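Number 451 marks the last residue of the sequence shown (our numbering); no jumps.
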Amino acid sequence: MKEAIDRICKELEELRASTQKEAEEARIRFLGKKGEITALMEQFRTVAPELKREYGQKLNELKKTALARIEELKSAAEEAAQDLAPKEDLTMPGDAFPLGSRHPVSIVRQQIVDIFRKFGYDVAEGPEIEDDYHVFEALNFPPNHPAREMQDTFFVSTGHVNPLLLRTHTSSVQVRTMETQPLPIRVVCPGRVFRNEAISARAHCIFHQVEGLYIDKNVTFADLKQAILLFAREMFGPETEIRMRPSYFPFTEPSAEVDVSCNICHGKGCNICKGTGWLEIMGCGMVDPNVLKASGIDPEVYSGFAFGMGVERIAMLKWQVNDLRHYFENDMRFLQEFATATEV
Ligand code: DAH
Numbered sequence: 108m109k110e111a112i113d114r115i116c117k118e119l120e121e122l123r124a125s126t127q128k129e130a131e132e133a134r135i136r137f138l139g140k141k142g143e144i145t146a147l148m149e150q151f152r153t154v155a156p157e158l159k160r161e162y163g164q165k166l167n168e169l170k171k172t173a174l175a176r177i178e179e180l181k182s183a184a185e186e187a188a189q190d191l192a193p194k195e196d197l198t199m200p201g202d203a204f205p206l207g208s209r210h211p212v213s214i215v216r217q218q219i220v221d222i223f224r225k226f227g228y229d230v231a232e233g234p235e236i237e238d239d240y241h242v243f244e245a246l247n248f249p250p251n252h253p254a255r256e257m258q259d260t261f262f263v264s265t266g267h268v269n270p271l272l273l274r275t276h277t278s279s280v281q282v283r284t285m286e287t288q289p290l291p292i293r294v295v296c297p298g299r300v301f302r303n304e305a306i307s308a309r310a311h312c313i314f315h316q317v318e319g320l321y322i323d324k325n326v327t328f329a330d331l332k333q334a335i336l337l338f339a340r341e342m343f344g345p346e347t348e349i350r351m352r353p354s355y356f357p358f359t360e361p362s363a364e365v366d367v368s369c370n371i372c373h374g375k376g377c378n379i380c381k382g383t384g385w386l387e388i389m390g391c392g393m394v395d396p397n398v399l400k401a402s403g404i405d406p407e408v409y410s411g412f413a414f415g416m417g418v419e420r421i422a423m424l425k426w427q428v429n430d431l432r433h434y435f436e437n438d439m440r441f442l443q444e445f446a447t448a449t450e451v
């Protein structure tokens, strides 16, 4: 009997169970009706009286140990089973989270670029922190032109001949393109521009422009007019008409401002076009010979046209938004309006 007790003791120590079922099987094997320990208990009746005390104690201890060990295995198996079990109901539908959409300014900028790409224009980009030379001097701004002054321009560094500043228009990219690219040139230059202006419904200190530049032999004002008419019809609809009013920009001669016919009232006059039937969309002109010369292009051989438009302005006209500030406040209710407005 002593040997049997020692063997079972050892077996209990080595006993393992990875599931509750295995633990239960172990219980039956040792403590069940026909279990090994139960059998020893029965055998106990036949033990010689002088040994009863010793074996009685041993058997009781063995039974206690077996019960504790099996209990321990059972709860370990139960814990492991809980760890494996999914804690949440995986069949529940997921939490819907709102999908973002492109910003209306990005949508319109892309539409402008896509239209000109169709006409064979490439996209050119330049730095937002520019120098005075590329923003003003090479574009034929006279030395004391008011646009250079502190009221309009955010200067990054001052006190030297060619100060760094935040570009006030993307016309600076024209200059960089003429400096680096072979002729002929046909590019649009989308980008952010910065002006030291008080924020209101019609002005902001940061906004977006798309500049255009076409330089080749024999480029004429008629080409400019045609390019802009085609653009306006792609952007605002096939019925759109344009008109050009004489204007002044230092970098173009002659210069013009372009209006498109109001696509709300079709020329009859409404509050969007302030009763005129026309909406201003951009400035343009023939590249001034001084600008060509500054970038090493011979104005006797080459000519070109340029134009520049504000992206927010085009977007405001397209969607009749009456306050520029909406584009910068990121109010979800406003932005959601454009969630599906991706096609031209
Ligand atoms: N750079 C001008 C502005 O920011 C826009 C402009 C006007 C660009 C006429 C041009 C142009 O290329 O020919 O107001």
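Yeah, the Cβ is synthetic: ideal placement off N, Cα and C, and Gly gets one too.
As the structure is a prediction and not an experimental result, all values here were calculated from the model.
Rounded straight-line distance, which links the Cα of residue j to that of residue i
i	j	result
N303	N269	19 angstroms
V76	R440	Here the chain covers residues 108 to 451 and nothing more, so residue 76 does not appear.
W385	H241	33 angstroms
E346	K425	14 angstroms
V394	A245	12 angstroms
A446	G207	8 angstroms
I115	L174	13 angstroms
N325	V398	17 angstroms
M285	P205	45 angstroms
A146	E131	18 angstroms
M342	I222	8 angstroms
A305	R340	33 angstroms
L158	M148	14 angstroms
A183	V154	37 angstroms
G374	T383	7 angstroms
E387	L320	20 angstroms
Q217	H252	33 angstroms
L119	M199	44 angstroms
R514	H210	With the chain represented from 108 up to 451, any question about residue 514 goes unanswered, as that position is not in the structure.
C391	C377	26 angstroms
P291	D202	55 angstroms
L271	T277	15 angstroms
D323	S279	19 angstroms
I214	A448	8 angstroms
E110	E129	25 angstroms
N370	L197	53 angstroms
K117	I177	14 angstroms
C312	Q333	32 angstroms
Neighbour-count burial assignment, residue i, 16 or more Cβ in a 10 Å radius
i	result
E121	exposed
S410	buried
I335	buried
P297	buried
M423	buried
G62	Residue coverage of the chain in this structure runs from 108 to 451, which leaves residue 62 outside it and unanswerable.
A413	buried
Y434	buried
G266	exposed
G344	exposed
S307	exposed
A192	exposed
Y228	buried
T275	buried
G403	exposed
L180	buried
N247	buried
R255	buried
Bridge partner(s) assigned by DSSP for residue i
i	result
V230	V295
Q150	Q150 pairs with nothing; no bridge assigned.
H315	R299
S410	D323
C116	Answer by DSSP bridge pairing: none, since C116 is not bridged.
R110	It is Glu, not Arg, that sits at residue 110 in the sequence shown. Bridge partners of E110: none, in fact.
I222	None; I222 has no bridge partner.
Beta carbon proximity, residue i to chain C, threshold 8 angstroms
i	result
L119	Structure shown: chain C not included; a single protein chain is present.
Contact test: residue i Cβ vs the ligand NAP heavy atom, cutoff 7 angstroms
i	result
G411	Among the ligands in the structure shown, the ligand NAP does not appear; only the ligand DAH can be found there.
- Please specify which runs of the alpha helix (DSSP H), each continuous and at least 4 residues long, are wholly inside the stretch 150 to 213, giving them in chain order. 156 to 191
Run through the stretch 252 to 296 for me and flag every whole beta strand (DSSP E) of 3 or more residues, listed as ranges in chain order. 271 to 273
Those runs of the alpha helix (DSSP H) which lie wholly inside the stretch 332 to 384 and span at least 4 residues: none
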